[in-house]
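Asks: Numbering-wise (the working numbering), the sequence shown opens with residue 7 and increments by one.
Note that the Cβ used here is the ideal one computed from N, Cα and C, for glycine as well.
Being a predicted model, the structure only gives us computed values, none of them experimental.
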Amino acid sequence: MTRRPSAPMPTELRRSMRAGQHPARSVPCPHCGAAAHKPCRVPSRDRILAQPHPQRISAWARQTACCPQCQVEPTIACHDEGRPRHTIHNRRYQEAEETAA
7 MTRRPSAPMP
17 TELRRSMRAG
27 QHPARSVPCP
37 HCGAAAHKPC
47 RVPSRDRILA
57 QPHPQRISAW
67 ARQTACCPQC
77 QVEPTIACHD
87 EGRPRHTIHN
97 RRYQEAEETA
107 A
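So this is what it looks like as structure tokens:
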């Protein structure tokens with residue numbers, strides 16, 4: 007039998023195989039410092055969380071989706087009439103979830 011070299015897994019397949027995980031785990035967590043594809047944790051208690059921190063979900067939505075409300079592209083923060091927001095619009099969360107599905 008001949009051995010074939012293994013090919014890298016396409017990102018579409020890798021994403022579907024991680025279906026049980028929240029898609030926000032694809033970005034690092036700005037709150038606890040967890041690396042991409044690793045679960046969020048509470049460092050003081052050394053406890054792993056089942057769901058990602060809200061800051062990680064916000065960073066994921068900012069990185070992956072355009073905001074339909076203020077019309078900004080991915081990686082750009084949302085704004086209200088030119089003033090930058092500290093949070094992102096709810097419609098941007100919805101857009102990110104739709105594109106991940």
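So if DSSP puts HIS37 in a beta bridge, which residue, or which two residues, is it bridged to?
Replies: Taking the sequence shown and counting its residues from 1, one reaches residue 37 at position 31. For HIS37, which the question treats as bridged, DSSP gives no partner whatsoever.
Asks: Residues bridged to ASP52 by DSSP?
Replies: In the sequence shown, the residue the question calls residue 52 occupies position 46. In the DSSP output, where bridge partners are listed per residue, ASP52 has none listed.
Asks: Between ILE75 and ARG97, what straight-line distance do the alpha-carbon atoms span, to the nearest angstrom?
Replies: Here residue 75 corresponds to residue number 69 of the sequence shown, with the count starting at 1. Here residue 97 corresponds to residue number 91 of the sequence shown, with the count starting at 1. The identity of residue 75 in the sequence shown is Gln, whereas the question assumes Ile. Whole-angstrom Cα-Cα distance: 7 Å.
Asks: Whole angstroms are fine: how far does the CA of GLY88 sit from the CA of PRO45?
Replies: Here residue 45 refers to the residue found at position 39 of the sequence shown. Here residue 88 refers to the residue found at position 82 of the sequence shown. Spanning the two alpha carbons is a distance of roughly 35 Å.
Asks: Does the beta-carbon distance from ALA41 to VAL33 come in below 7 Å?
Replies: For the purposes of this step, residue 41 is taken as the residue at position 35 of the sequence shown. For the purposes of this step, residue 33 is taken as the residue at position 27 of the sequence shown. Against a cut-off of 7 Å, the Cβ pair of VAL33 and ALA41 comes out as no contact.
Asks: Just grab the DSSP bridge partners of CYS73 for me.
Replies: Start at 1 with the first residue of the sequence shown, and residue 73 comes out as number 67. Note: CYS73 sits in a beta bridge opposite VAL78.
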